[in-house]
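Undergrad: According to the UniProt record's numbering, the stretch in the sequence shown is residues 1 to 585, in order.
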Amino acid sequence: MKHLRTLNKFFLKYKWKLILGLVVTIISRIFGLYFIPLVGNSTDAIEQYINGEITGYDSLKAELLKNILLLVGTTLISAFFTFLMRQTFIVVSRHIEYDLKNVVYKHYQELSLNFYKKNRTGDLMNRISEDVSKVRMYLGPAIMYTVTTLTSTIVVLIFMIQAAPVLTLYTVIPLPILSFAIYKLSVAIQKRSTVVQQYLSKLNTFTQESFSGIAVIKSYSLEQQTDNNFTDLSNTSRDKNIDLVKVQAFFFPLMVLLIGISNVLVIYVGGRQYITGQIDNLGIIVEFLLYVNMLTWPVASIGWVTSLVKQAEASQERINEFLDSEPEIKNHKETTDIIKGKVNFKNVTFTYEDTNITALKNISFEVNQGETLAIIGKTGSGKSTVLDLIGRLYDVEEGSIEVDGINVKNLNLDNLKRNIGYVPQDAFLFSDSIRNNIKFGKDNATDEDVIEAAKTASVHQNIKNFSKGYDTVLGERGITLSGGQKQRVSIARAIIQNPQILLFDDCLSAVDTETEEAILSNLFKISRDKTTIIVSHRISSAKNADKIIILEDGNIVQQGTHEKLIKIDGYYKELYAKQLNEKEM
1 MKHLRTLNKF
11 FLKYKWKLIL
21 GLVVTIISRI
31 FGLYFIPLVG
41 NSTDAIEQYI
51 NGEITGYDSL
61 KAELLKNILL
71 LVGTTLISAF
81 FTFLMRQTFI
91 VVSRHIEYDL
101 KNVVYKHYQE
111 LSLNFYKKNR
121 TGDLMNRISE
131 DVSKVRMYLG
141 PAIMYTVTTL
151 TSTIVVLIFM
161 IQAAPVLTLY
171 TVIPLPILSF
181 AIYKLSVAIQ
191 KRSTVVQQYL
201 SKLNTFTQES
211 FSGIAVIKSY
221 SLEQQTDNNF
231 TDLSNTSRDK
241 NIDLVKVQAF
251 FFPLMVLLIG
261 ISNVLVIYVG
271 GRQYITGQID
281 NLGIIVEFLL
291 YVNMLTWPVA
301 SIGWVTSLVK
311 QAEASQERIN
321 EFLDSEPEIK
331 NHKETTDIIK
341 GKVNFKNVTF
351 TYEDTNITAL
361 KNISFEVNQG
371 ETLAIIGKTG
381 SGKSTVLDLI
391 GRLYDVEEGS
401 IEVDGINVKN
411 LNLDNLKRNI
421 GYVPQDAFLF
431 SDSIRNNIKF
441 GKDNATDEDV
451 IEAAKTASVH
461 QNIKNFSKGY
471 DTVLGERGIT
481 LSGGQKQRVS
491 IARAIIQNPQ
501 ILLFDDCLSA
511 VDTETEEAIL
521 SNLFKISRDK
531 TTIIVSHRIS
541 SAKNADKIII
551 LEDGNIVQQG
561 THEKLIKIDG
571 YYKELYAKQL
581 NEKEM
């Protein structure tokens, strides 16, 4: 149960509702069991009438009528309080489920990129959906039936002991055997539940990746192979579920067997006591049979509840595994500073933890406010890493990165990100309207702001040509648009928030040269007082920058202006000559 202790804070939050539920449960159980003494009294009345102790049919009829009216009344009261009980516990469980999902989702957002490199999307989705749902069953039905079981058992035992203490002792003999069996089965259920949830995560991950990469699967005609792989994984998951169900299947037959033994004991022992005169009334035996059968569901629910608790514990353990993950990038400062945009790298070295590749090696450069820096280099030279480090998607282990002379680690993280407009190399758009995708960078943006940003990114005319214009809803990851259109919408999303630092990671690779020139011209106009860093493979994107640096294997091998670099032998001059020849051809 140690993994479920995490939920105690939610119990405290809703403690008064839970206390109300406890009181309501006790009332409902007391009235729910009150009919048994009434049945016993009615049986005794009939026995006394037969024996001549009650004279007159009208007297018997009046006694039975009174008991019937009391039985109907107590049953209605019990039903009403049972309704309140379910409303209290189940509603609280839904509130806690809502809170827990928000806690998990918020924590997901706080975790660093390294976390997402190590964990798959399908597994993340499974923990916030299936695992949380398993936990909800513990928070609602499991707790509700536990309280019901305890209350019913205590009230029933009190009534039974008052009626016939010796017979009660014989009746409860099977209960210790039941408790031991439940303990042994619970251990087996917890182990199998953990495995089942793990395989469910694998299924979700496989399905999510297959749907996301459906174009690749179809291009290589791998539908049958993918289907076979899914079938194998699904079959294994089915087998694990069957293993769990087989263990769970022992519970109810075991409960019925032990309750049946209790019934036999009641009839045998109670019958002997009635014959010998130890029990005066036949109604007591009838009451005990009803008491034992009233215990059938509470006792049987122990197995079901135990199964729910063990499954919830297995799921909460998986949830805690992520909740216990500390974000590597932390906000060390609450107060915000005015960010102007000067960026300074001082002897920065950075190694990716997951691959152990050193992407940057002791690099230093400076970009003043209002300047544009272009970074050029071969694939894997560390260009994108520079942008990721400025936005604190990662933290450096050697050297320092300063913005306006302050180490980025000492700046308010939220404020820093609000002042950065970042366009990644792989443009990601949400399955929403184009308008909302552009406004994602600024929630309170007006339609005029959206159109102006689209014009700057040279995508306004394309959007106008769509039948629904800016209300066009995009497919998943923006699949409705071409590569160049996705890049330009991403640029519009970055610039609409009017940030002080603009970071463009090869975001013009999918547009033609003419469109590139138009976008760059517009960007230079709006970035006169901003710091702009452009990563590109094209000289055309870099030639008008105030500074250009060439990266090779994580080192700065050349730097200067366009005019200076084309006169020096090296990578930049070679690339310029190659792209110039390609343009002339």
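Where a beta carbon is used, it is the ideal one built from N, C-alpha and C, also for glycine. Since we're looking at a predicted model, the values are computed, not measured.
1. Tell me whether Leu-474 sits in a helix, a strand or coil according to DSSP, three-state version.
2. Rounded to the nearest angstrom, what separates Thr-456 and Leu-323 at their Cα positions?
3. What residues match up with Asn-344 in a beta bridge as DSSP calls it?
4. Mind checking which residues open and close the alpha helix (DSSP H) that includes residue 586?
5. What does Gln-559 pair with, by DSSP beta-bridge criteria?
6. Measuring alpha carbon to alpha carbon, tell me which residue in Ile-338, Ser-540, Thr-472, Ala-163 is nearest Arg-435.
7. Taking Lys-66 as the reference, give the member of Phe-81, Ile-90, Val-39 with the closest Cα.
8. Counting Cβ pairs closer than 8 Å, one from the segment 406-415 and one from the segment 326-337, do we hit at least three?
9. In this structure, does DSSP put Ile-158 in helix, strand or coil?
10. Determine the direct distance from the alpha carbon of Phe-206 to that of Ser-212, and round the result to whole angstroms.
11. Please list, in chain order, all residues of the same chain as Ile-143 whose beta carbon is under 7 Å from its beta carbon, the five residues on each side excluded.
12. Return the chain-ordered list of same chain residues with a C-beta closer than 6 Å to the C-beta of Tyr-394, the five sequence neighbours on each side being excluded.
13. Exposed or buried, Ala-215, counting other C-beta atoms within 10 Å across all chains shown (16 or more means buried)?
14. Drop a sphere of 10 angstroms on the beta-carbon of Gln-485, count the other beta-carbons inside from all chains shown, and report buried for 16 or more, exposed for fewer.
15. Would you mind working out which of Tyr-571, Phe-252, Asp-404 sits nearest Val-305, comparing C-alpha positions?
16. Taking DSSP as the reference, what is the three-state secondary structure of residue 588?
17. Residues in the same chain with beta-carbon distance under 6 Å from Asn-362, minus the five sequence neighbours each way, listed in chain order, please.
18. Can you tell me the Cα-Cα spacing of Gly-77 and Arg-29, whole angstroms?
19. Using a 10 Å radius around the Cβ and a threshold of 16 neighbouring Cβ atoms, would you call Thr-335 buried or exposed?
20. Note down, one range per segment and in chain order, each beta strand (DSSP E) of at least 3 residues found wholly within the segment 516-550.
21. Looking at the unbroken beta strand (DSSP E) that takes in Ala-79, where does it start and where does it end?
22. Take every Cβ of the segment 126-144, pair it with every Cβ of the segment 309-317, and state whether three or more of those distances are shorter than 8 Å.
23. Are there 16 or more other CB atoms within 10 angstroms of the CB of Gly-341, so buried, or fewer, so exposed?
24. Measure the alpha-carbon distance for Thr-121 versus Lys-573 and round it to whole angstroms.
25. What residue ranges within the segment 181-262 form continuous beta strand (DSSP E) runs of no fewer than 3 residues, ordered along the chain?
26. At 4 residues or longer, what runs of the alpha helix (DSSP H) sit wholly inside the segment 428-515?
27. Any idea if Val-535 is buried or exposed, counting beta-carbon neighbours within 10 angstroms, 16 or more meaning buried?
28. Do you know how far the Cα of Val-386 is from the Cα of Ile-539?
29. Tell me which same chain residues have a C-beta within less than 8 Å of the C-beta of Thr-236, skipping the five on either side of it?
30. Contact defined as beta carbons within less than 8 Å: I believe Val-367 pairs with Ile-533. What is the distance between those atoms, to the nearest angstrom?
31. What did DSSP end up calling Lys-361 once you bin it into helix, strand or coil?
32. Enumerate in chain order the residues of its own chain whose CB-to-CB distance from Val-450 is below 8 Å, with the five nearest sequence positions on each side excluded.
33. Comparing C-alpha positions only, which one of Gln-425, Gln-461, Val-292, Lys-564 sits nearest to Val-155?
34. Just to confirm, is the Cβ distance from Gly-391 to Leu-523 under 8 Å?
35. When the Cα atoms are used, what is the spatial distance from Lys-378 to Leu-481?
36. In whole angstroms, give me the CA-to-CA distance for Ile-279 and Val-72.
TA: Straight from the coordinates:
1. coil
2. 42 Å
3. Glu-366, Glu-402
4. Because the chain in this structure spans residues 1 to 585, residue 586 falls outside the shown range and cannot be described.
5. Ile-549
6. Thr-472
7. Val-39
8. yes
9. helix
10. 10 Å
11. Phe-89
12. Asp-388
13. exposed
14. buried
15. Phe-252
16. A question about residue 588 goes unanswered here, because the residues of the chain that appear run from 1 up to 585.
17. Asn-347, Thr-349
18. Per the sequence presented here, residue 77 reads as Ile, with Gly not at that position. The alpha-carbon atoms of Ile-77 and Arg-29 are separated by roughly 10 Å.
19. exposed
20. 531-536
21. From DSSP, Ala-79 is part of no beta strand (DSSP E) but of the alpha helix (DSSP H) over 57-110.
22. yes
23. buried
24. 43 Å
25. none
26. 434-439, 447-456, 460-465, 483-495
27. buried
28. 19 Å
29. Tyr-199
30. 7 Å
31. strand
32. Arg-435, Ile-438, Lys-439, Tyr-470, Ala-492, Ile-496
33. Val-292
34. no
35. 28 Å
36. 28 Å
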